[in-house]
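**Student:**
Protein chains: 2
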Amino acid sequence: MSSTTDHTTSTPHLPLTRESVFSAHARVKQHVHRTPVLTSTTLSNLASTPQNTSALVGTEFEGQAPARPKIKLFFKCENYQKIGAFKARGAFHALSRLTKEELARGVVTHSSGNHAQALALAARTYGIPAHIVMPTISTPSKIAATKSYGAHVHFSGSVSEEREAMVEKVIQKTGAVLVPPYDHPDIILGQGTQALELEEQVEEILASERGDGDGRGGLDAIIAPLGGGGMLSGIATAMSGTRTTVFGAEPSTDGGDDGRRGLAMNPPTRIPSVKTLTIADGLRTPVGIIPWSVISDTNKVRGLYAVSDEQIKAAMRLVLERMKVVVEPSACVGLAVILFDEGFRHVVEREGGEAGWNIGVIFSGGNTTVEAIGKLFEVGAEEGERAEGTVGKDGAKVAENVAG
Amino acid sequence: MSSTTDHTTSTPHLPLTRESVFSAHARVKQHVHRTPVLTSTTLSNLASTPQNTSALVGTEFEGQAPARPKIKLFFKCENYQKIGAFKARGAFHALSRLTKEELARGVVTHSSGNHAQALALAARTYGIPAHIVMPTISTPSKIAATKSYGAHVHFSGSVSEEREAMVEKVIQKTGAVLVPPYDHPDIILGQGTQALELEEQVEEILASERGDGDGRGGLDAIIAPLGGGGMLSGIATAMSGTRTTVFGAEPSTDGGDDGRRGLAMNPPTRIPSVKTLTIADGLRTPVGIIPWSVISDTNKVRGLYAVSDEQIKAAMRLVLERMKVVVEPSACVGLAVILFDEGFRHVVEREGGEAGWNIGVIFSGGNTTVEAIGKLFEVGAEEGERAEGTVGKDGAKVAENVAG
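Residue numbers (the numbering used here), protein chains in the order written: chain A, 53 to 456; chain B, 53 to 456.
1. Per DSSP, which one or two residues make a beta bridge with residue 308/B?
2. Give me the Cα-Cα distance between residue 229/B and residue 383/B, rounded to the nearest whole angstrom.
3. What are the uninterrupted segments assigned as beta strand (DSSP E) that are 3 or more residues long and contained completely in the stretch 186-237 of chain A, given in chain order?
4. State the Cα-Cα distance for the pair residue 365/A and residue 288/B, rounded to the nearest angstrom.
5. Report, in whole angstroms, the separation of the C-beta atoms of residue 203/B and residue 182/B, which I expect to be a contact under 8 Å.
6. Starting from residue 429/A, find everything on chain C with Cβ-Cβ shorter than 9 Å and list it in chain order.
7. Hey, could you find the ends of the beta strand (DSSP E) residue 125/B is sitting in?
8. Let me see if you follow: with CB-CB separation under 7 Å, is residue 387/A close to chain B or not?
9. For the stretch 168-180 of chain A against the stretch 128-142 of chain A, do three or more pairs of beta-carbon atoms, one drawn from each stretch, fall closer than 8 Å, so that the two count as touching?
10. Taking 7 Å as the CB-CB cut-off, is residue 141/A touching chain B?
11. Three-state secondary structure (DSSP) at residue 74/A?
12. For residue 124/A, count the other beta carbons within 10 Å of its own beta carbon; 16 or more makes it buried, fewer makes it exposed. Which is it?
13. Taking CB distances under 7 Å as the criterion, tell me whether residue 372/B reaches chain A.
14. Taking 7 Å as the CB-CB cut-off, is residue 81/A touching chain B?
15. If the cut is a Cβ gap below 7 Å, which residues of chain A does residue 461/B touch?
16. Starting from residue 144/A, trace the alpha helix (DSSP H) in both directions and tell me its first and last residue.
17. Might you give, ordered along the chain, the residues of its own chain that have their beta carbon closer than 6 Å to the beta carbon of residue 227/A, omitting 5 neighbours on each side?
18. If the cut is a Cβ gap below 9 Å, which residues of chain A does residue 369/B touch?
19. For residue 273/A, which three-state DSSP category applies?
20. If you scan the stretch 316-367 of chain B from start to end, which runs of the alpha helix (DSSP H) of 4 or more residues do you find wholly inside it?
21. Using a beta-carbon distance cut-off of less than 8 Å, what residues from the stretch 399-423 of chain B approach chain A?
22. Could you check the C-alpha separation between residue 186/B and residue 345/B for me, to the nearest Å?
23. Note the first and the last residue of the continuous alpha helix (DSSP H) segment covering residue 414/B.
24. For residue 399/A, report the span of its alpha helix (DSSP H) as first-last.
25. Pull up the DSSP beta-bridge partners for residue 250/B, would you.
26. For the beta strand (DSSP E) that residue 156/B lies in, which residues bound it at each end?
27. How many Å lie between residue 391/B and residue 89/B at the Cα?
28. Kindly list the residues whose CB is nearer than 7 Å to the CB of residue 251/A, restricted to its own chain and excluding five residues on each side of it in sequence; keep chain order.
29. Check the C-beta distance from residue 161/B over to residue 84/B and give it rounded, since I have them as a contact under 8 Å.
30. In whole angstroms, what separates the C-alpha of residue 78/A from that of residue 222/A?
31. Express the C-alpha separation of residue 253/A and residue 260/A in angstroms, rounding to a whole number.
32. Just the Cα atoms here: how many angstroms apart are residue 245/A and residue 424/A?
33. Beta-carbon within less than 7 Å of residue 194/A's beta-carbon, same chain only, minus the 5 sequence neighbours each way: which residues are those?
34. Sorted by chain position, which residues of the same chain lie with C-beta nearer than 7 Å to residue 119/A's C-beta, five sequence neighbours on each side aside?
35. Report the rounded CA-to-CA distance for residue 336/B versus residue 152/B, giving the unit in angstroms.
36. With residue 110/B as the anchor, note down where its beta strand (DSSP E) starts and where it stops.
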């Protein structure tokens, strides 16, 4: 989508600063949910338990003592956001920045996923037309969901040139303003607003637990999924200049770790084209140009970590079975890094020390189906024998979930 | 289990009154979670949408105009309770009523489900031994979960005489006090405590929404699953004398509606032996003797309704996919009655009128696995075509979940 992101608006872009994210939050908070932050004793205990040495075999940590990080997890539940994903934030913010004249022309995007529904919802709320270009092969439920928000659905072929040609046609016919899914400052700033809420909510929870009413500065780190990068760059922008460290998490399967590989190049270079078959289907897109400018700044994003589909599935199982919360696979990469990436765990042990770290984990979305869950886990071991085997380090607190 | 419920304790039983439930709550609230109450605009809208006339074909309502009830749903999330189900309440209450001498002897029960884990957790908390008699054929994960709380697991055959013989053996050897899963006043009163919280939480939510700080008397009805009847009789006891009407929900498959059939007899008669293969596996037990004395009192329980396994699955799909909350099938029978039982819906239309009813729905537990979810829904239509088809009456608010 990066080649068509120059949608012409008359309003100058806000700079990518923490202050701009505060401005964005003031504009969107009336339209989006302040989603809950959940904690889980079970998962925090799991995260604080060293991995089995057998899990390190074949890695650079083989033969070393496993890291012993102390971790308390805070889950920002954007799966409970409107349309079931964080994308509502960026869409509402983008619309809030348009002039009346631009709004009257309507908006257009191409997407078959959460961004399409987010833009359709935001447009309906503003009472303006939304044009969504979707591949003809999109599943009927996604088409129906997008139409249910009152959007005009335009069908195209599924390769990007075909989709962009259809977007161009809609723009020429209607004058609609293009709202890209991630490669735009307004989208980035909108997605960043969840970090401000998370920071505040963690402080509220800690203040309540400590009993002294003071939880300031309690959030040590945030880890967020990286696909197109709108969310990760927004969160990094929101937290820049604070004491909270930001990390990104990617799927490693089939080249999905384009961010990590790009950062490892000298100089760091964006890898624009990625095709991947990871189960984390929300993260199959290449990183956008503007997000990359933030993500490749080590003052803003401390590092990127990648996990396998098996690790993502193990994390997803824990969230569904122990926390009883429905998340999509893309939402589980951050938790998978915390549980299974030994490099990350050493960082937390070293820097968190005895006090440990309070880590915010972004549950980015929950749009899946019972059939999709069934398919993901159908090639498993016998029911009843697998949970401990997969994770390999469960304590006694098997089902003592704390949610609230 | 009813034949072995006479566990001898020196403390006289509390009467089954609302006041006794308040006493029980004072004893257990330090040990159990005040689980959250969630609302969902999507599901309340669905519940308030008339069924398709085609859904009434073949029922006594065929050819009639579908009921038009106005319903606002409040979900009491006992799936987020300790051990993942409401059973923790009864177990903690039962232990809180034992003398020091009785506690020292330890406790025993036979169960392979949530009650086993609840009793094991409560015993560990009190620092006393728990003996759990489980069939040898229990799944390894259930055995491991029970052991993880420090319980002594004793294996037996799977027919009830074998299990009871093993319980008797444990009692003779250790002097342990038998804590049955539902057929006991202390268990009933403990399970009833969730209704007091629900009543209070609904009033808090309504007061906050109304803005005038007054939500008193806001809960019009509660619907709860009926298996052994400990929970339903406890909730009915808790609400007796209030303006809140209590209903029970059962699976109709394979004779699971023993409560409903027993009530229809003249005079109403408990049906003590039920074998059923419903997917609502937590509800396969016959109603206990003491629960029946409450449930068959129409001043306490207004009526029992039964739903098919397909209807339970449709409700479960909505909870997982729209609310993003993991519940077990047994937890979904109440919602299924509200959505699909036309008789129930006519009662709400008639009595709720224009103002409608605020209905509390008990999500009794969330102990399932991703494999079990996959199996339940594997014989479905093609992904992407089924959700609207199954429920048949979705509005525009497809994914606007409100949780918290």
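Beta carbons are placed, not taken as given, at the ideal position from N, Cα and C, and that holds for glycine.
**Tutor:** To lay it out plainly:
1. Paired residues: none, contrary to the question.
2. Cα-Cα distance, rounded: 29 Å.
3. Segments of the beta strand (DSSP E) lying fully in the stretch 186-237 of chain A: 204-208.
4. Roughly 41 Å separates the two Cα atoms.
5. Going by Cβ atoms, the distance from residue 203/B to residue 182/B rounds to 4 Å, so yes, they are a contact pair.
6. Within the model displayed, chain C is absent; protein chains A and B are what it includes.
7. Segment 123-129, the beta strand (DSSP E) holding residue 125/B.
8. False, the Cβ-Cβ gap to chain B never drops below 7 Å.
9. In short, these stretches touch, since the Cβ pair count reaches three.
10. No, no contact with chain B.
11. Of the three classes helix, strand and coil, the one that applies to residue 74/A here is helix, per DSSP.
12. In summary, residue 124/A is buried, with 16 or more beta-carbon neighbours lying within 10 Å of its beta-carbon over all protein chains present.
13. Yes, its Cβ sits closer than 7 Å to a Cβ of chain A.
14. Interface flag for residue 81/A against chain B is unset, since no Cβ pair is found closer than 7 Å.
15. Chain B is shown from 53 up to 456; residue 461/B falls before or after that span and cannot be answered.
16. Element bounds for residue 144/A: 139-148.
17. 157, listed in sequence order.
18. Neighbours of residue 369/B across chain A, judged by C-beta separation under 9 Å: 421, 422.
19. Residue 273/A falls in the strand class under three-state DSSP.
20. DSSP runs (the alpha helix (DSSP H)) wholly in the stretch 316-367 of chain B: 341-347.
21. Identification of residues in the stretch 399-423 of chain B having a C-beta nearer than 8 Å to some C-beta of chain A yields 418, 419, 420, 421, 422, 423, given in sequence order.
22. Those two C-alpha atoms are separated by around 29 Å.
23. Element bounds for residue 414/B: not the alpha helix (DSSP H) but the beta strand (DSSP E), 409-415.
24. Its alpha helix (DSSP H) spans residues 394-404.
25. Note: residue 250/B sits in no beta bridge, so no partner.
26. Careful: residue 156/B lies outside any beta strand (DSSP E), inside the alpha helix (DSSP H) at 152-157.
27. One C-alpha to the other measures close to 19 Å.
28. Beyond the five residues adjoining it in sequence on each side, residue 251/A comes within less than 7 Å, by CB distance, of 271, 296 in the same chain, given in chain order.
29. Incorrect: roughly 18 Å between the Cβ atoms, too far for contact.
30. Rounded to the nearest whole angstrom, the CA to CA distance from residue 78/A to residue 222/A is 31 Å.
31. Approximately 11 Å, taken between the alpha carbons.
32. Rounded to whole angstroms, residue 245/A to residue 424/A spans 30 Å at the Cα level.
33. When the five nearest sequence neighbours on each side are left out, the beta carbons in the same chain lying within less than 7 Å of the beta carbon of residue 194/A are those of 164, in order along the chain.
34. So the list reads 102, 394, 397, 398, 401, once near-sequence residues are dropped.
35. Residue 152/B has its alpha-carbon roughly 35 Å from the corresponding atom of residue 336/B.
36. Element bounds for residue 110/B: n/a, residue is neither H nor E.
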